[in-house]
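Below: one structure, written as structure tokens.
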Amino acid sequence: MQISLQPALLTGFLLVMARTFGFVFVAQPFALAVIPRAVKVAFAVALAVAGAPHIAKVETLPSTTFTLLAQMLAQLVVGWIVGYVTNVFINLGSSAGSAVGLFGGFSPPPSLDPLSLNQSPVTGQLYGLLWMTMFFMSGADTVVVQGLLALDGTKVLANPEIGMVVIVESVSVLMGASIQIAAPILSVLFLSQVIVGILVKVSPQLNAYTFAFPLQILLSLGLMMLSLALLPEFLASALHYVISAEGDLLGVR
Numbered sequence: 010m011q012i013s014l015q016p017a018l019l020t021g022f023l024l025v026m027a028r029t030f031g032f033v034f035v036a037q038p039f040a041l042a043v044i045p046r047a048v049k050v051a052f053a054v055a056l057a058v059a060g061a062p063h064i065a066k067v068e069t070l071p072s073t074t075f076t077l078l079a080q081m082l083a084q085l086v087v088g089w090i091v092g093y094v095t096n097v098f099i100n101l102g103s104s105a106g107s108a109v110g111l112f113g114g115f116s117p118p119p120s121l122d123p124l125s126l127n128q129s130p131v132t133g134q135l136y137g138l139l140w141m142t143m144f145f146m147s148g149a150d151t152v153v154v155q156g157l158l159a160l161d162g163t164k165v166l167a168n169p170e171i172g173m174v175v176i177v178e179s180v181s182v183l184m185g186a187s188i189q190i191a192a193p194i195l196s197v198l199f200l201s202q203v204i205v206g207i208l209v210k211v212s213p214q215l216n217a218y219t220f221a222f223p224l225q226i227l228l229s230l231g232l233m234m235l236s237l238a239l240l241p242e243f244l245a246s247a248l249h250y251v252i253s254a255e256g257d258l259l260g261v262r
């Protein structure tokens, strides 16, 4: 039995495998500690098998060993950057939930998250779990993987500042989007604190501080339930940024 393997297809497989390894070992939920390394390697190889024919057609394949190693390094960096952006996207929900728990006074001692094996508040775990569920239910994982396989690593190798811009923008998006998701709840909680402060000044005999903290917790829990309907809209906006980041790496918009 003989197996014929085209050199271009083998080279394309090595390039895509370097990219998928950089992505799988960084991006959640693929990089979760509960997933065995053998499963991660198998998933990266499966993605490389699927993307090898595409990259063999669209990219100028290296002709020397040194060029091959250089392009594999570039592909590894591209996969790491896309995985980092995906990580930012996945962590938006848990960051927003942690902010709500912190400012709402409903922030019990952090507990161990069984998925990420990190300590996070209960509100952060709730938002994070809902966010990740919508990520898969909406097909966003397919969009991210398709963009990963369509990228051209040579553009990042020729313009390394592109990757740095994407990383810096991802940090700002994480901070801004988390506050934006939690902003409606935080604004109402702030107004409740103002009202309690006014009551204390106007009518000290009411002893408003006795019910201020339970009121804050009640408002935070009620508004959390009401704000869940807004999560799909924020998911679409955040996914648009991930696609734009992949477009920057690809060199298109």
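Using the working numbering, the first residue of the sequence shown is number 10, and each one after it goes up by one. Where a beta carbon is used, it is the ideal one built from N, C-alpha and C, also for glycine. Everything numeric in this text was worked out from a predicted model, so none of it was measured.
Continuous alpha helix (DSSP H) stretch holding Phe145: start and end: Translated into the one-based positions of the sequence shown, residue 145 becomes position 136. It spans 131 to 146 - the alpha helix (DSSP H) in which Phe145 sits, taken as one unbroken run.
Given a threshold of 16 other Cβ atoms within 10 Å of its Cβ, counted over all protein chains shown, does Leu200 qualify as buried or as exposed? Mapped onto the sequence shown, residue 200 falls at position 191. With fewer than 16 other Cβ atoms within 10 Å, it is exposed.
Count the CB pairs spanning the region 43 to 50 and the region 75 to 83 that are closer than 8 Å, and state whether there are at least three. no
Does the separation of the CB atoms of Thr29 and Ala51 fall below 8 Å? Counting from 1 along the sequence shown, the entry for residue 29 is found at position 20. Counting from 1 along the sequence shown, the entry for residue 51 is found at position 42. Taking 8 Å as the Cβ cut-off, Thr29 and Ala51 do not qualify as a contacting pair.
Go through its chain and collect everything with a Cβ distance to Gln202's Cβ below 8 Å, but skip five positions before and after it. In the sequence shown, residue 202 corresponds to position 193, counting from 1. The residues are Ala221, Gln225.
Would a C-beta distance cut-off of 8 Å place Gly31 and Gly88 closer than the cut-off? Here residue 31 refers to the residue found at position 22 when the sequence shown is read from its first residue. Here residue 88 refers to the residue found at position 79 when the sequence shown is read from its first residue. A contact, by the Cβ cut-off of 8 Å.
For Ile44, does the three-state DSSP call read helix, strand or coil? Reading the sequence shown from its first residue, position 35 is the one you call residue 44. Three-state result, Ile44: coil.
Straight-line Cα distance separating Phe75 from Met234: To locate residue 234, count along the sequence shown from 1; it is residue 225. To locate residue 75, count along the sequence shown from 1; it is residue 66. Answer to the nearest angstrom: the Cα atoms are 56 Å apart.
Terminal residues of the continuous alpha helix (DSSP H) containing Gln2? Absent from the model: residue 2. The displayed extent of the chain is 10 to 262, so no value can be given.
Compare the beta carbon distance of Leu85 and Ala27 with 8 Å and say whether it is the shorter of the two. Counting from 1 along the sequence shown, the entry for residue 85 is found at position 76. Counting from 1 along the sequence shown, the entry for residue 27 is found at position 18. Closer than 8 Å, so yes.
I need the straight-line Cα distance from Thr163 to Leu24, nearest angstrom please. Sequence index remark: in the sequence shown, residue 163 carries index 154 (1-based). Sequence index remark: in the sequence shown, residue 24 carries index 15 (1-based). Here the model assigns Thr163 a pLDDT of 49, short of 50, so the residue's position is not dependable and the matter cannot be decided.
Asp150 versus Leu227, Ala245, Ala192, Leu135, residue with shortest Cα-Cα distance: Position 141 of the sequence shown, counted from the start, is the residue given in the question as residue 150. The candidate whose alpha carbon is nearest that of Asp150 is Ala245.
Could you give the distance in angstroms between the alpha-carbon of Pro193 and the alpha-carbon of Leu228? Position 184 of the sequence shown, counted from the start, is the residue given in the question as residue 193. Position 219 of the sequence shown, counted from the start, is the residue given in the question as residue 228. So the two alpha carbons sit approximately 11 Å from each other.
Inter-residue Cα distance where the pair is Gly148 and Met141: Along the sequence shown, one-based indexing puts residue 148 at 139. Along the sequence shown, one-based indexing puts residue 141 at 132. Straight-line Cα distance between these residues: approximately 11 Å.
Residues in its own chain within less than 6 Å of Ala36 by CB, not counting five upstream and five downstream? Indexing the sequence shown from 1 puts residue 36 at position 27. Cβ neighbours of Ala36 beyond the five flanking positions: Gly92, Thr95, Asn96.
If distances are taken between C-alpha atoms only, which option among Ala59, Leu139, Asn216, Ser236 comes closest to Ala159? Indexing the sequence shown from 1 puts residue 159 at position 150. Cα-wise, what sits closest to Ala159 is Ala59.
List the endpoints of the continuous alpha helix (DSSP H) containing Phe75. As a position in the sequence shown, residue 75 is number 66, starting the count at 1. Where Phe75 is concerned, the enclosing alpha helix (DSSP H) stretches over 74 to 112.
What's the call for Pro130, buried or exposed, on a 16-neighbour Cβ count within 10 Å? By one-based count along the sequence shown, residue 130 stands at place 121. Looking at its Cβ environment, which holds 16 or more other Cβ atoms inside 10 Å, Pro130 is buried.
Leaving out five residues on either side along the sequence, give the residues of the same chain with a beta carbon under 8 Å from the beta carbon of Val154. Your numbering for residue 154 matches position 145 in the sequence shown. Closer than 8 Å at the Cβ level, and outside the excluded window around Val154, lie Leu56.
Nonlocal neighbours in the same chain, by C-beta distance under 8 Å from Thr49, ignoring five residues either side: Translated into positions along the sequence shown, residue 49 becomes position 40. Rather than Thr, the amino acid found at residue 49 in this sequence is Lys. Cβ within range, chain order: Val33, Phe34, Phe39, Ala40.
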